[in-house]
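Enquirer:
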C-alpha cells in the first residue's frame, strides 16, 4: 500500500496546488486561534474550507482540519464550533490535541474521524493506546523527537495509524509543552497558535548583517550573504560562559526523504510535510517530490532525492531525531 | 546538507539608469489603475490583509532606482513611485525578479528570506499578511496587463513570453496542472 502524503495548506490556493501536485491528503485550519498556524493572512474561513474540501474530494484527495491548540478556559465554545463546522464542511478527520476537546468530539461527533496532533506529544505506545481507547483516536502524528527504531517499536505495540514528519520546520521540543515563545512574547503555539508571532518579530539590516529580534530580545544576527533562520528562540544564537552558538538547535530543516523506505518498514502509514505558513510554490514542489518518492518505493525503484534543500531553513537539512546524530 | 543559494536575474543596469530620469507620475497612475483592477477582481486579497488593510507597504526593488509605496486602503489601493528614502509600516525589499516571482507564485517567500534574496523590515505581521494574501490571490501580472491592453492583449502576452524566456524573470502565473 502506498504511503500517504499529507500536505500543508495555509490558503485555498495552496490546497488546490497540493491536490494538483499529487497530495493524497491536505491538512489546513480555520483562521483563528484554534489551529497552531494562526499567522496573518493565512488559513480558511468557513466557506473557503467547505469549497476546499469539495475541490479535494472531487479530485480524489482527503482534507484534515487541524484544531490543535488548547482551548482557553471559558472560551471552549470557539473550539467546539470549529469541530462542528469541520464536520459539516465534510472533512475526512479532525486533528486534535486537547483531551477535553477529544472527549467533546467523541461524544458529540462520534462519526467524525479523530487524529491526535503532534501537539499532544504522544511519544510511546501506552499513551497512544490510551487516546485510542478513551477517545477513539485512529491516527497519531508522532513528535519529531523519535528515532526510526523507536517508531517501529511504537507501531509494533499499537493498532493506531502513525503519521510522521518528513520535511519542513524542525521542532525539537516536546510539542504542545514548549513555552519558549511565551517567555519572550506572552504568546505560544499551544494556546494562541503562534510560535514567535510575527507581531513580535523585528528584522533590521545593518551593514549587510541581519538582526532578528523577538519580543525586544535579539535572538540572532547573521552576516552578509549568510542564510537566515526563522526567528524562533529554539534556533537562536546565544552566549553562555565562553561559548556562543545555537545552543538548543541549529537553524536547519528536516528532510527525511532518504528514510522513507525505513519508515515504511517501521510501519508508518503517512508522511507529513510541515509548512502551512509557506507558499503554494513550496507546497507544489515538495509534494511533487515526495509523491514521486513514495510511488518509486511502491514500484521498487530507486528513491529520487536531493532536490529540496533550497526551500529549507538555513538552506540546510537534517534527518533530525530519526538518526540522532546531533550533539 | 548546505545548498547553494538560488540565482536570480538582476534588472539591466542600462535600463535602470533610464528609470532615474523617468517621470514618476505616469508610473504611479498606471500602477494605481492596475492595483484597483486587481482589487475588483480579487477582493479576497484585501480581505486577507485583515487588520493590515490600511497599512503602508514599501516595496523596494533593490536593482531599480525607484521604490513603490502601496496603500491598500481597505480595497481602494493607491500605488506611488518614489525616489529616495520612503517610510512605511513595512518594507519588503529584493530584486525585481524576486518580487515579481513572489507575486506570480513562482517563488516561496520563506525560501527567498532564508537565502537573503528578500528583506523584511518594520511591521513583520503586515508584511506576512501581504505576502500570504498575494500568494492566495493567484495573480498573473502579464495576464492582467494584457487584459487591460484591449486590442494589444495578444502582443503584450507575446512580448512578456519573450522577455521571460530571455531574462529568466517570471512575468506570468505558473499554471498548475494535475500531476497525478
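Residue numbers (my numbering), protein chains in the order written: chain A, 1 to 327; chain B, 1001 to 1180.
We put the beta carbon where it would ideally sit given N, CA and C, even for glycine.
#1: Can you find at least 3 beta carbon pairs, one from the segment 1152-1164 of chain B and one from the segment 233-240 of chain A, that sit closer than 8 Å?
#2: Using a Cβ cut-off of 9 Å (strictly closer), state whether residue 224(A) contacts chain B.
#3: Going by C-alpha to C-alpha distance, which of 1078(B), 1061(B), 1074(B) sits closest to residue 1030(B)?
#4: Counting beta carbon pairs with one atom in the segment 190-202 of chain A and one in the segment 286-306 of chain A, are three or more of them shorter than 8 Å?
#5: Since residue 340(A) is in the alpha helix (DSSP H), which residue starts that stretch and which ends it?
#6: Would residue 164(A) and residue 146(A) be called neighbours here (beta carbons separated by less than 9 Å)?
#7: Just by C-beta distance, which residues in the segment 1046-1066 of chain B are closer than 9 Å to chain D?
#8: Hey, how far is the Cα of residue 8(A) from the Cα of residue 43(A)?
#9: Within the 9 Å Cβ cut-off, does residue 328(A) reach chain B?
#10: Name, in chain order, the residues that DSSP records as bridge partners for residue 182(A).
#11: To the nearest whole angstrom, what separates the beta carbons of residue 162(A) and residue 10(A), a pair I think is in contact under 8 Å?
#12: For residue 1100(B), report the span of its beta strand (DSSP E) as first-last.
#13: Helix, strand or coil: which one does DSSP assign to residue 1010(B)?
#14: Residues in the same chain with beta-carbon distance under 7 Å from residue 214(A), minus the five sequence neighbours each way, listed in chain order, please.
#15: Can you say whether residue 89(A) is buried or exposed, counting buried as having 16 or more other CB atoms within 10 angstroms of its CB?
#16: Tell me whether residue 14(A) sits in a helix, a strand or coil according to DSSP, three-state version.
#17: Compile a chain-ordered list of the residues in the segment 1129-1152 of chain B whose CB is closer than 9 Å to at least one CB of chain A.
#18: In terms of alpha-carbon separation, which member of 111(A), 131(A), 113(A) lies closest to residue 120(A)?
#19: For residue 1033(B), which residues of its own chain have a beta-carbon under 8 Å away from its beta-carbon, when the five flanking residues on both sides are left out?
#20: With respect to the alpha helix (DSSP H) encompassing residue 217(A), which residues constitute its N-terminal and C-terminal limits?
#21: Out of 1121(B), 1116(B), 1104(B), state which residue places its alpha-carbon closest to the alpha-carbon of residue 1176(B).
#22: I need the DSSP call for residue 115(A), collapsed to helix, strand or coil.
#23: Among the candidates 225(A), 191(A), 226(A), 204(A), whose CA atom is the shortest distance from the CA of residue 216(A)?
#24: Tell me, to the nearest whole angstrom, how far the beta carbon of residue 1043(B) is from that of residue 1075(B); I am working on the premise that it is less than 8 Å.
#25: What residue does the beta strand (DSSP E) around residue 282(A) start on, and which one ends it?
#26: Is residue 1004(B) buried or exposed, if buried means 16 or more other CB atoms sit within 10 Å of its CB?
#27: Work out the CA separation of residue 77(A) and residue 248(A) for me, nearest whole Å.
#28: Take residue 1051(B) as the anchor and find which of 1141(B), 1163(B), 1151(B), 1133(B) has the nearest alpha-carbon.
#29: Could you check the C-alpha separation between residue 39(A) and residue 277(A) for me, to the nearest Å?
#30: Please determine if the segment 1092-1102 of chain B and the segment 186-193 of chain A are in contact, where contact requires at least 3 C-beta pairs separated by less than 8 Å.
#31: Rank 123(A), 83(A), 51(A), 319(A) by C-alpha distance to the C-alpha of residue 168(A) and give the top, closest one.
#32: Run through chain B and tell me which residues come within less than 7 Å of residue 288(A), C-beta to C-beta.
#33: Go ahead and label residue 1024(B) buried or exposed: buried means 16 or more other beta carbons lie within 10 angstroms of its beta carbon, across all protein chains shown.
#34: Between the segment 19-34 of chain A and chain B, which residues of the former have CB atoms less than 7 Å from a CB of the latter, in chain order?
#35: Compile a chain-ordered list of the residues in the segment 1007-1028 of chain B whose CB is closer than 7 Å to at least one CB of chain A.
#36: CB-CB under 7 Å to residue 1056(B), same chain, minus the five flanking residues each way: which ones, in chain order?
Expert: The short version:
#1: By the C-beta criterion, the segment 1152-1164 of chain B is judged not to be in contact with the segment 233-240 of chain A, since fewer than 3 inter-stretch pairs fall below 8 Å.
#2: Judged by the 9 Å Cβ criterion, residue 224(A) is in contact with chain B.
#3: Among 1078(B), 1061(B), 1074(B), the Cα nearest to that of residue 1030(B) is on 1078(B).
#4: When Cβ pairs closer than 8 Å are counted between the two stretches, the segment 286-306 of chain A is seen not to touch the segment 190-202 of chain A, the count staying below three.
#5: Residue 340(A) is absent from the structure shown; chain A starts at 1 and stops at 327.
#6: With a cutoff of 9 Å on beta-carbon distance, residue 164(A) and residue 146(A) are scored as near each other.
#7: The structure shown contains no chain D; its protein chains are A and B.
#8: Going from the Cα of residue 8(A) to the Cα of residue 43(A) covers about 11 Å.
#9: As shown, chain A starts at 1 and ends at 327. That puts residue 328(A) outside it, with no answer to give.
#10: Beta-bridge pairing links residue 182(A) to no other residue.
#11: So it is not a contact: roughly 24 Å between Cβ atoms.
#12: Where residue 1100(B) is concerned, there is no enclosing beta strand (DSSP E), although the alpha helix (DSSP H) it sits in stretches over 1096-1103.
#13: Residue 1010(B) falls in the coil class under three-state DSSP.
#14: Sequence-distant Cβ neighbours of residue 214(A) in its own chain, meaning closer than 7 Å and more than five residues away, are 184, 185, 196, 200, 201, 231, 233.
#15: Residue 89(A) is buried by the Cβ-count criterion.
#16: Residue 14(A) falls in the helix class under three-state DSSP.
#17: Against chain A - using a Cβ distance shorter than 9 Å - the residues of the segment 1129-1152 of chain B are 1129, 1130, 1131, 1132, 1133, 1134, 1135, 1136, 1137, 1138.
#18: Answer by Cα proximity: 131(A).
#19: These residues qualify, in order along the chain: 1148.
#20: Not the alpha helix (DSSP H): residue 217(A) falls in the beta strand (DSSP E), residues 217-222.
#21: Closest by C-alpha distance to residue 1176(B), out of 1121(B), 1116(B), 1104(B), is 1104(B).
#22: The answer is strand: DSSP assigns residue 115(A) an E or B state.
#23: Ranking the options by Cα distance to residue 216(A), first place goes to 204(A).
#24: For residue 1043(B) against residue 1075(B), the beta-carbon gap comes to about 7 Å, under 8 Å, which counts as contact.
#25: Per DSSP, residue 282(A) belongs to no beta strand (DSSP E); it is in the alpha helix (DSSP H), 280-299.
#26: Its pLDDT being 41, under 50, residue 1004(B) is placed unreliably by the model, and the measurement read from it follows with that caveat. Label assigned to residue 1004(B): exposed.
#27: For residue 248(A) and residue 77(A), the distance between alpha carbons rounds to 36 Å.
#28: Minimum Cα distance to residue 1051(B) is reached at 1133(B).
#29: In this model, residue 39(A) and residue 277(A) are separated by some 7 Å (Cα to Cα).
#30: Verdict: no, contact absent.
#31: Among 123(A), 83(A), 51(A), 319(A), the Cα nearest to that of residue 168(A) is on 319(A).
#32: Under the 7 Å cutoff, chain B gives 1179.
#33: Under this definition residue 1024(B) is an exposed residue.
#34: For the segment 19-34 of chain A, the set of positions with a beta-carbon nearer than 7 Å to some beta-carbon of chain B reads 20, 21, 22 in chain order.
#35: Result list empty, no residue passes.
#36: Within the same chain, residue 1056(B) has close Cβ partners 1069, 1071, 1088, 1089.
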